[in-house]
Amino acid sequence: MSIKGITLKESMNHSVQAIMPLDEEKEVFNQKLVGYLTHLRDKELESEEYQKNLLKGFLESVLPYNFINTSSRIDLAIYNGKDANSSLGILFECKSLTNQSEMMSTEKINSKAFQEIVYYYLQERLVNKNLEIKKCIITNGLSWFVIEAKEFEKHFFKNKKLVDLVTKFRNNQLSSNKTDFLYSEVIAPEIDKAIEKGIVIAHFDLRQALVKSGKNIEIKKNNLTQLYRFFTAENLLNKEIFTDSNKLNKNFYDELLYLMGLEETKSGTSKIISRLKPAKRQRYSFVENIIDKLDMKDVPKDKQEDIAIQLTVVWINRILFLKLLESQLVLFNKDESYRFLTYEKLPNFEEIYSLFFAVLAKKVSERSDRVQEKFGYVPYLNSSLFEETELEISRDGIGIDRLPEGDIEIFSKTALKGVDKKRKKGNINFIEYLFEFLDAYDFSTTITHHEKSKNDLINASVLGLIFEKINGYRDGSFYTPGNITMYMSRKAIRTSAVDKINEALDWQCESIEDIKFNIRNAQIAKKVSDAIDSLKVCDPAVGSGHFLVSILNEIIALKSDLNVLFDAEGNYIGNLIQCYVINDELVIQDMSGNNFVYQTGNQQSELIQKAIFYQKRHILENSLFAVDINPSSVNICRLRLWIELLKSSYYYQDTETNQLVLTTLPNIDINIKVGDSLLHKFDFDYEFDMRKTDFKDYLSLVKDYKETNNKHVKAEIWKKIENLKHSFDDTASSPELKKLTRLISERNKAGVISIFEEENKNSKEVAELNKQLAKAEKELEYRLKNPLFAKGMEWRMEFPEILGEAGEFIGFDLVIGNPPYIFARNQSFTDEMKAYYSRTYQVSEYQANTYTIFMELAYQLLRKGGTFSYIIPNNFLTIQTNSRVRQFITEQTSDVVLINSLDKIFTDASVDNCIIFFKKNGPNWIEVAELNHGEFNTVGRVAPDFFGEIPTFSISMVKYRQAIDIFWKVNHFPILERPEIATVKTGIKAYQIGKGKPHQTNSDKDNRIYHAREKLDDSYRPYLDGENVSRYKLTWNGEYIKYGDNLAEPRSSVDFYAPRILVRQIPSKSAYAVEAVYTDSDVINDLNSMVITDIHVNPFYLLGILNSRLISLWFFMKFDKFQRRLFPQFKVNELGDFPIPYAMDSQQEEIAKLVEQLMEEMKKDSPDTDIVHQLNLKIDDLVMDLFDLKEEEKQIVRNFVV
């Protein structure tokens, strides 16, 4: 192996690649770089010091906010801050242009320059303890070698031998104190090893970026953008560029809610949206205005608020979508006159109504002259978003045109600014306020520039989050952050694509890189593109559609990566653009790295825009499918997908009007359906009689529906599709129908009387069969007419795209999402629903959670070999009530990847999460990984039976898998809670409202009325908190508690003065995890520690086992308590399962004596650490002997660290 050399472009991450400087910024940078290179050329024979100062001047000009100077022996450094007190961020080793012998080159990597900077890096890390170094750069001003700090960490700082020798050199403990000796004898050999191991080094030469001809230095235009990016602080110093695409703009959100007449409040762990409190309400906000009108219509008061919020949400959705459309029109035409959401054009609600339904809902040729004159440039959208909803036209609803106008008070934290740049105050017309508020933000739909613009950006992703929050106003909602959807979508879609391409081209590729290698010509590229186009992806609990948007972007980025992008006519466009997903947004750039901007009238620009629109439309129509139980969520999902198309819409010549018009949006609403995904009366293997129903008609109707832009034709097609689906009920060959048919046949046969048989015998048989028939008829009627299924999703028939040629169910290639987490015990389900889940899903258990049922549903929805990806609570990995789903995964799925998140993914949720991937194949392996501080780290890969017959997905079992045999050996020993050993109990529960004598109140609990700092009477006894219980040591903080019936759960008094062992509920994250101590004192412990009492063995022997290193290792592997971010508590039943070996009295006594010595030592103010260590080692060895460990197994335990 050798160094991994990468180019200038490859050295910068995709976020840096998305930086798009303005033309004037590029020109300023160009002047600075040309000036530097000109001086360097004119002084190429000058000294290193002179040339270094030229470089310093250039760097100061492009990095004005960072201090740049030498540091000790380091030639040059870019500091992380503005002054010399900040830490070093980049270390430079500078050589003059004439010093070729010491300068690094591509032919001579292991140069003196490299050796010097390795030493300086180690010095900075070891002496100055600097953890903030970003890069090391070796340069002579023209040739640049750039090495990331993580490469220095990996190859040099973590090289114990090298660090030891460098430390000894600094202490004059080596053969020589000359630096040349250090470089040649110590550092150079380790650089050779790093080269052999493939250290990553980026290299570029500024001479290659220069135009060759002419006296004056000139930078090639196609190199300028990349050089600009390289010399930004975002690249060199890893400064943050973009925030999470799904990060809420709180200021925008709060003021938008205010205009709607709403506010967000917290309810438990959820944030919900509700009507403003009376003191804050504004008469002419949307909600209050609507409620006034509903009151006039005598709509029942208990319905008014909900209807008002629903209507407000619909109208705000439309207006926000139109703001994005307006932004696109202005961008495409570079003309502010294309704005139409203005108070001048829309001074009242009648005009807004007209915009919705007389402009956007009508083709240009169908509009009135008045409307066309005013809004001729506003396109027809062909979107159900601009069709009146049932609520708007119902008796209980109203249209927006019915609202009067009036003034409202400006929000206290408004974005509106006056001429004095201060926040506006006072009252303002509501419509004027709404449009001025929206104008205060930038609604650009693409990443254009890395600097913050004058207005905060409200892009499609931010709006998607806002849509999701305002549409989930009843229940609160938790959105999936952009970095998570991006990671899951990228990994899942690439896995699915590899499988699909292999299937289509009969390849055996294992990765995208393999596929790249196999694409040899345009014909193969087109086949690969078509294979990707055939992917079918579903989110069965789609919410706002975030995952589908991510999948859409990732598919296009994948095609670009594979160089298989084609336009609608099949022309290759991969030589014109490159597509990336940056910050969960699709970024399109030309081959020079400039962000693509659609320019009307530019032939190539038109070609690219149409091609991207075609790609997106094809994916949306043919590859993306979804379901949600909430109609509002479905509408928002459709809206978000239309927004993605809107970004790439283009102008074309309309033959009817001979005008340039913006292309219309397709009818993708048929792919995103309303329904309860978990309920369906037809199983996936139900048989339909295709002799009665023409399946090809079904496919053809769905295709026609998506393509038409005529609303009347669309309505007719929809009616035909619904009639056709209803006909499936008559053709279904369900188990109930088969059973009924069989019983009818048997009854008819039994009813034939034979002259050789007694009639009585036949009569009894017929009577019994009639009973069975009556029951079977009821079962069939139940399945076909049960109201439980009224809102169900009939997967078997709803998506013809995943059915075979004969109508058989094939399934999706990928099911992805964030399913709802709803506990059965929360009374969210009826008894009938619970019974249905239990009948239908293998994984349904007592007190089940919906996410596990959604996991099995996803499996059923997948085709054979299909890919699954969900984000779910991480208690799925270990809790007992999820044992069935874990067993299901180990027995029926393959390529399982479990990623436990140690990061808090959902800011407002109390749940910790994990990400899971698998395929619908026979079991092969399970890979375990962790997400920690934004990085995914693989722990290991194991066989499915690794976790045992009743699997618990313990990450620690994989992490410490070298001890797996030890774990199973220990695990098979008898448990602690058995009659001949001891009993395990909880401590007292001091407070609970409504418990105790007298019954406790909320005030009693809050004021801890039974606790005291002194012994008030004989009922007060010393009180222990969890922190008082530690390993071999018991402390007391001087607090008492009044013990008796006054407590919520006082337990038995004897448990608090008899000889016993206390075990803290929260373990330590160390090699000695269990915190247990013996006591016979009269002290009361609470629920934060558990009590082992009725001990029938030597208590100090038992304590030694519990506190041993071996039991801690077993504990880590068994319960995996530290896989969660929240407090890693363990419970009484788990403590009761601790393995305790049989031991003779002499063996118990030997351990007990050591334990007593250790406890005595721990009582001292300053225990002797050596004595403690030696006693621990002796106890550990004796415990390991009791568990029959061999010497090599003992050594594994001794080496166990956390």
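Under the numbering used here, think of the first position of the sequence shown as 699, with each following residue one higher. Ideal placement from N, C-alpha and C gives every residue a C-beta, glycine not left out.
- Secondary-structure assignment with DSSP links P1571 through a beta bridge to N1611.
- The continuous alpha helix (DSSP H) containing S1258 extends over residues H1244 to L1260.
- The bridge partners DSSP lists for D1237 are A1324.
- Just so you know, the alpha carbons of R981 and Q924 end up roughly 55 Å apart.
- According to DSSP, F1616 shares a beta bridge with F1566.
- For Y1278, the uninterrupted beta strand (DSSP E) run begins and ends at I1275 to I1280, by DSSP.
- The distance from the Cβ of I1005 to that of L1018 is about 21 Å, inconsistent with a contact at the 8 Å cut-off.
- Three or more Cβ pairs drawn from the stretch 1730–1749 and the stretch 1704–1722 lie within less than 8 Å of each other, which places the two stretches in contact.
- The alpha carbon of I1662 has as its nearest neighbour, out of V1028, I1679, L1887 and N1300, the alpha carbon of L1887.
- By the neighbour-count criterion, in which 16 or more other beta carbons inside 10 Å mark a residue as buried, S770 falls on the exposed side.
- Distance from the Cα of Y1075 is smallest, within the candidate group K1061, S1082, E1088 and L1083, for K1061.
- Counting along the chain, F790 sits inside the beta strand (DSSP E) bounded by residues L786 to C792.
- Contact check for P1837 and N1669: beta-carbon distance about 6 Å, within the 8 Å limit, so the pair qualifies.
- Linking K1404 to L1512 through their CA atoms gives a straight-line distance of about 22 Å.
- Closest in alpha carbon position to T768, among L753, P762 and V760, is L753.
- Distance from the CA atom of F902 to the CA atom of F929, rounded to whole angstroms, is 13 Å.
- Just measuring C-alpha positions, the residue of K999, N1125 and W1205 sitting nearest K1225 is W1205.
- Straight through space, the alpha carbons of K848 and Y818 are spaced by roughly 15 Å.
- Residue pairing by DSSP places P1837 opposite I1673 in a beta bridge.
- Within the stretch 1750–1836, the complete beta strand (DSSP E) segments at least 3 residues long are 1758–1762, 1774–1777 and 1787–1791, listed from N- to C-terminus.
- About 4 Å separates the CB atoms of D1099 and Y1051; that is less than 8 Å, so the two are in contact.
- The Cβ neighbour count for G1632, taken over all protein chains shown within 10 Å, is under 16; the residue is labelled exposed.
- The beta carbon of I1508 is closer than 7 Å to those of I1500, L1501, G1502 and R1561 in its chain, skipping five residues each way along the sequence.
- Here the alpha carbon of F1073 sits roughly 49 Å from the alpha carbon of A1504.
- Under DSSP, F902 shares a beta bridge with W842.
- Counting other Cβ atoms within 10 Å of its Cβ, T1588 reaches 16 or more and is therefore classed as buried.
- Annotation for P1179: no alpha helix (DSSP H) segment contains it, and DSSP assigns it neither H nor E.
- Per DSSP, the beta bridge partners of L1501 are F1507.
- Residue pairing of I772 in beta bridges, as defined by DSSP: S769.
- Taking 8 Å as the upper bound for CB-CB distance, R1807 and V1900 are not in contact here, some 11 Å apart.
- The alpha carbon of S1717 has as its nearest neighbour, out of F1055, K948, E725 and D1780, the alpha carbon of D1780.
- The continuous beta strand (DSSP E) containing D1352 extends over residues Y1349 to D1352.
- Between Y1519 and T1565, the C-beta gap is not smaller than 8 Å, which leaves the two residues out of contact.
- Approximately 13 Å separates the beta-carbon atoms of C1335 and I1368; this is outside 8 Å, ruling out the contact.
- Per the coordinates, the alpha-carbon of I1597 lies some 12 Å from the alpha-carbon of I1182.
- The DSSP-derived three-state label of L1358 is strand.
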